[in-house]
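According to full-length UniProt numbering, the sequence shown is numbered sequentially starting from 1.
Here the structure is laid out as structure tokens; the discussion comes afterwards.
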Amino acid sequence: MTRPALPPPISEQLRLQVLRSHYLLDTPAETAYDDLVRLAAHLCQVPMAVVNLIDERRQWSKATVGLERFESPRDISFCTHVVDSDAPLVVADTHQDARFADNPFVVGQPHLRFYTGLPLRSPLGVTLGTLAVFDRVPRTLTAEQMRLLEALAQQVMAQLELRFERIHHRLTALRLAVVQRFSQMDTWQLYIAENRLLWTEGIYHLTGLTADSFDETLEAFVALAHPGDRDAVTAALVQAVQGQPLDLEHRLVRPDGEVRQVRLQGQSFAGDSAFPPLLVGTLQDLTADKQAQAEQQAQQQELRYAHDTLSFHIDNSPLAVVEWDWAFRVTHWSPHAAALFGWSEAEMRGRHPGDWPFVYADDAPAVEQVMAQLINGEARRNLSRNRNLTRSGAVVHCEWHNSARLDTDGSLISIFSLVLDVTERVQAEQAIAAGLAREQRANQQLQESRALARIGGRLGRLGGWAADIDRNQVYWSEEIFHILEWASDNAPSLENALSLYPPEHRQRVSAAIATCAQNGTPFDLEVELNTATGRRLWARAIGEAERNAEGNIVRVIGALQDISAQKQAESALARFATRLRTTLESMTDAFYLLDDQWRFTYLNSEAERVLQRPPGELIGQVVWEAFPEARQSQLYAEYHAAVDKNQSRHFELYYAPLHEWFDINAYSSTDGLAVYFRVISDRIALEDQLRQAQRLESLGQLTGGVAHDFNNLLTVIVGNADLLAETLAPDSPLRPLAEMISSAAQRGAELTQRLLAFARRQALDPKPVDVNQLITTMTNLLCRTLGAHIEVVRLPADGLWPALADPAQLENALLNLCFNARDAMAQGGELMIETSNVYLDLNYAAQHVEAQAGQYVLITVSDSGVGIAANNLPRVFEPFFTTKETGKGTGLGLSMVYGFAKQSNGHITIYSELGQGTTIRLYLPRYLGAEGDFSEIMAITGTVGGDERILLVEDDDLVRSYVQNQLEQLGYRVTVASSGPAALEIIQQQHEIDLLFTDVVMPGGMSGRELGDAARRLRPNLKILYTSGYSEQAIVHHGRLDPGIKLLSKPYRRADLAQKVRDVLDESVNGQA
1 MTRPALPPPI
11 SEQLRLQVLR
21 SHYLLDTPAE
31 TAYDDLVRLA
41 AHLCQVPMAV
51 VNLIDERRQW
61 SKATVGLERF
71 ESPRDISFCT
81 HVVDSDAPLV
91 VADTHQDARF
101 ADNPFVVGQP
111 HLRFYTGLPL
121 RSPLGVTLGT
131 LAVFDRVPRT
141 LTAEQMRLLE
151 ALAQQVMAQL
161 ELRFERIHHR
171 LTALRLAVVQ
181 RFSQMDTWQL
191 YIAENRLLWT
201 EGIYHLTGLT
211 ADSFDETLEA
221 FVALAHPGDR
231 DAVTAALVQA
241 VQGQPLDLEH
251 RLVRPDGEVR
261 QVRLQGQSFA
271 GDSAFPPLLV
281 GTLQDLTADK
291 QAQAEQQAQQ
301 QELRYAHDTL
311 SFHIDNSPLA
321 VVEWDWAFRV
331 THWSPHAAAL
341 FGWSEAEMRG
351 RHPGDWPFVY
361 ADDAPAVEQV
371 MAQLINGEAR
381 RNLSRNRNLT
391 RSGAVVHCEW
401 HNSARLDTDG
411 SLISIFSLVL
421 DVTERVQAEQ
431 AIAAGLAREQ
441 RANQQLQESR
451 ALARIGGRLG
461 RLGGWAADID
471 RNQVYWSEEI
481 FHILEWASDN
491 APSLENALSL
501 YPPEHRQRVS
511 AAIATCAQNG
521 TPFDLEVELN
531 TATGRRLWAR
541 AIGEAERNAE
551 GNIVRVIGAL
561 QDISAQKQAE
571 SALARFATRL
581 RTTLESMTDA
591 FYLLDDQWRF
601 TYLNSEAERV
611 LQRPPGELIG
621 QVVWEAFPEA
631 RQSQLYAEYH
641 AAVDKNQSRH
651 FELYYAPLHE
661 WFDINAYSST
671 DGLAVYFRVI
681 SDRIALEDQL
691 RQAQRLESLG
701 QLTGGVAHDF
711 NNLLTVIVGN
721 ADLLAETLAP
731 DSPLRPLAEM
741 ISSAAQRGAE
751 LTQRLLAFAR
761 RQALDPKPVD
771 VNQLITTMTN
781 LLCRTLGAHI
791 EVVRLPADGL
801 WPALADPAQL
811 ENALLNLCFN
821 ARDAMAQGGE
831 LMIETSNVYL
841 DLNYAAQHVE
851 AQAGQYVLIT
861 VSDSGVGIAA
871 NNLPRVFEPF
881 FTTKETGKGT
891 GLGLSMVYGF
901 AKQSNGHITI
911 YSELGQGTTI
921 RLYLPRYLGA
931 EGDFSEIMAI
941 TGTVGGDERI
951 LLVEDDDLVR
961 SYVQNQLEQL
971 GYRVTVASSG
981 PAALEIIQQQ
991 HEIDLLFTDV
1001 VMPGGMSGRE
1011 LGDAARRLRP
1021 NLKILYTSGY
1031 SEQAIVHHGR
1041 LDPGIKLLSK
1051 PYRRADLAQK
1061 VRDVLDESVN
1071 GQA
């Protein structure tokens, strides 16, 4: 069975209706249109031109030149493209246009190669057809030809409109003739000079006179007028004879005394040689019309009253009123419609369906279908419920009660619509439907449980009954006797049966049975009752009327079911639902439920808080409409995957509108989706900090290893350069070269020390430091170094705690910070150094993974320089990263400060804005012990040697050879070993060793520290000096030297080596611990 075709869209229906109103299709040729197509062919210099009209199935030619008049199916028509697009169509060569290359008019007669068609657009804005020109060869039209062709198209449309007007004028004349014929209007004429009055037969009938009884004079006619109207009739006739128009309603009295209402009309003619002066007119009987008019006035008064009453109720009801004409243009838009949708009547009046802003796009096809039923006459009225849009963009649900108002011939006059906003009802229905669905599932499970129970016996607890009120009798099935624990051999009366119900239920049951027995109303009640033994039950009682063959009610029949178990289950289910809701509300996670239409059915309070919505607002809303940005996010794909694949989904998501990261778990079910989620923005931020810290730690390990190897090389270079400089004469040309080598190597050593500082592998000697005093001591140096264009401002805090730090390294760190600030203020500025006591709490430490809670001395260094771009801030502490120009920075200054802060168990932060300056905060741990001596050890300028025996342990051959040579030149006796085990053998064999000088990091499974510990066990009084490019954990614990440990850091100069060896040899053993 094929489905009926859908009606065309409203715009196409309007076009076809206008086309048919012109009465053009299938009419003979007309010269006016033939002349216009000949002119079109002549102007465009083509052999063929047509005026085509397009209906729903064909193309028909009204006028042609170069072709016979024809019609063709619409689907192969060139002109259809013009009508559908409502725009001109130019095809220069049909063979080159894929739309027309295989068209029958191209491959067959008349073999079209060129086509140009212009729309014939009516004043209503619809296209009825085309003016088209053809040729059998490719061609183009000039701009002038196109302009003239457009003018001709307008002329064709003008001719069509003139023809339309002539036809409708002719129809009007025909209608007027018919009206006159049936309006009971007769004519008369007065020969003025002769005072002779003649009239038609109808007037004799009207006046009740005959030709014999009428004098045929004007006075005789005036005498027929009612005495009360006679003077007016006389005056009007006199004025008419004098040339004034005559039009007067008056009363006329027939000879039988009957009074008739008439209308007297006339016009005088002066006369000429052809006829004498005349007064010609009509006399119309208005009696019936007047009576009808009086009745109509009474009816109109009643209608006005009804209309006013209806208007009052409509204006004071929630209904909006909209009215449309036959073309579906808005003609009335009530104030309630304006309030509901947001557009005023002035904005909406005259709008076509395609310009209705309140139609929801997805519901537009359904709206067109409903309206098409009214237009096509398929329905006089209908009802539709659809979504609409308000001016603010909100979606409202509306019920449209539409009625078609038809003319007497059945044609459509207008459509009247009453609109009711049912948004709240729809939302409530959706919520109720969701609740009912859950209840239905619970009931279904309960019913299945009862069905299984019935298989085992009488657990269904259901029986039938019948009641005869007239006889006061009741009939029970066996199961009801069993349910009510009533002896089956003692049938009760109706009164006894009703007595089983408690008073609060007895009245309901009695009334329901009585009503059903009287008018057949069925009932379905849930009531409590007592069994014969006094046990209380819940029961479901249903009943309906039983009728005889004549339709009379003879008794009430029904069923009774013990539903006590169901009630208990419902109560348990309600308690469970309450516990579940309490559990969900007490959860720390946010939680919500979506049904299978993506609508919210439940949210706990945490979900509403996180989603920033008031309680209850989201219930019934579609999640993608409530949160439209989510449709374009990962959330949309994950939720659909969970539902489509029936699987749980876990993912993390950043939702920009709420500015939060979420951890989300979505679980699919037959009802929709359950979603647990929590805000994890703080965790994400901490993970970012941790990744940055781990990255810097990795860089530190890499740079520390590189620096260690460089120190070994630099030790040899520095030492040999110093030795070479000492052996050369002061005036030797080679001495400057040796000094240059020494200076360059020393700068390399400084660079390596900065790398070690960043890697936190420099050896620190932390002491209590008076930071205010240290900064005061440095101030003069800073002022001279930074230059006069930099103003140094100190803001020392009163009562500043002592800090626990290496003073020398702290000075280096402050110098680095100040030099960086100077470079950022090339044009001058202010450098502020501020101190304070601070406490970093657990909350701060939780948000900054590298910080530990505790008391700190804070040094804040701020400048007013150019600042640092935000994208560079995360990298400023990386080694070799610099924002300065090439050659103006090593990229190690802030790296060294960062390593110093971390190795000192401190913390460092940076804040900067472009054009505003930079602030660096250095947190050093508070010293909590007794303050010690802060005096610096002065460097020894001379080189002192000796003759003691030294055991040198070094795995690097080059370094070992260099150090041995240096020590021997200082007078010492040197024994060498390349590993820890080899050194132990020497210690066991030689007892005259005075000093063990060992590298810390050595291969072979034994470090320098392990060698020292083993040597002390063999020789408790043995003095030990360690050396290393960086300090392993064996020497430096948490960045600090173990008590009593002596360390010479690589690379070192010859003087440093001599001084350190002499100091260790001269110390007592107790000083080494």
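For each residue, glycine too, the CB sits at the ideal point set by N, CA and C.
Rounded to the nearest angstrom, what separates residue i and residue j at their Cα positions?
i	j	result
Val509	Leu525	8 Å
Asn530	Leu537	6 Å
Thr187	Ala158	41 Å
Leu815	Gly787	14 Å
Val474	Gln568	29 Å
Tyr844	Ala674	36 Å
Leu6	Leu148	The pLDDT assigned to Leu6 is 43, lower than 50, so where the model puts this residue is not dependable; a value taken from the coordinates is nonetheless given after this. Between Leu6 and Leu148, the C-alpha separation is close to 40 Å.
Ser11	Phe134	29 Å
Ile940	Ala983	Model confidence at Ile940 stands at a pLDDT of 33, short of 50, so the residue's coordinates are unreliable and nothing is read from them.
When we look at the beta-carbon of residue i and count the other beta-carbons within 10 Å, is it buried (16 or more) or exposed?
i	result
Leu383	exposed
Ser862	buried
Val793	exposed
Gly1012	buried
Pro628	exposed
Glu161	exposed
Phe312	exposed
Phe221	buried
Asn1021	exposed
Pro736	exposed
Arg1009	buried
Asp562	buried
Asn604	buried
Ala337	buried
Leu319	buried
What is the DSSP secondary structure of residue i, reduced to helix, strand or coil?
i	result
Gly435	helix
Gln155	helix
Gly543	strand
Thr785	helix
Gln59	strand
Met825	coil
Leu800	coil
Asn812	helix
Leu611	coil
Trp333	strand
Arg147	helix
Leu25	coil
Asn490	coil
Pro925	strand
Tyr360	coil
Asp97	coil
Any idea which residues DSSP pairs residue i with across the strands?
i	result
Gly117	Leu89 and Ala132
Lys767	Ala805
His505	In DSSP, His505 forms no bridge with anything.
Arg196	Tyr191
Pro73	Arg58
Ile910	Ile920
In the stretch 833-877, which residue ranges form an unbroken alpha helix (DSSP H) of at least 4 residues, counting only runs that do not cross its ends?
Correct list: 842-847.
Quick check on the DSSP output: what are the complete alpha helix (DSSP H) runs of length 4 or more inside the UniProt domain "Response regulatory" (949-1065), in order along the chain?
957-969, 980-989 and 1008-1018
Completely contained beta strand (DSSP E) runs for the UniProt domain "PAC" (382-434), where each covers 3 or more residues:
Taken in chain order, the unbroken stretches of beta strand (DSSP E) that lie wholly in the UniProt domain "PAC" (382-434) and span 3 residues or more are 395-406 and 412-421.
Length-filtered (4 minimum) alpha helix (DSSP H) runs lying within the stretch 579-652
605-610, 623-626 and 634-645
Could you give the uninterrupted runs of the alpha helix (DSSP H) lying entirely in the stretch 196-231, keeping only those of 4 residues or more?
201-207 and 218-224
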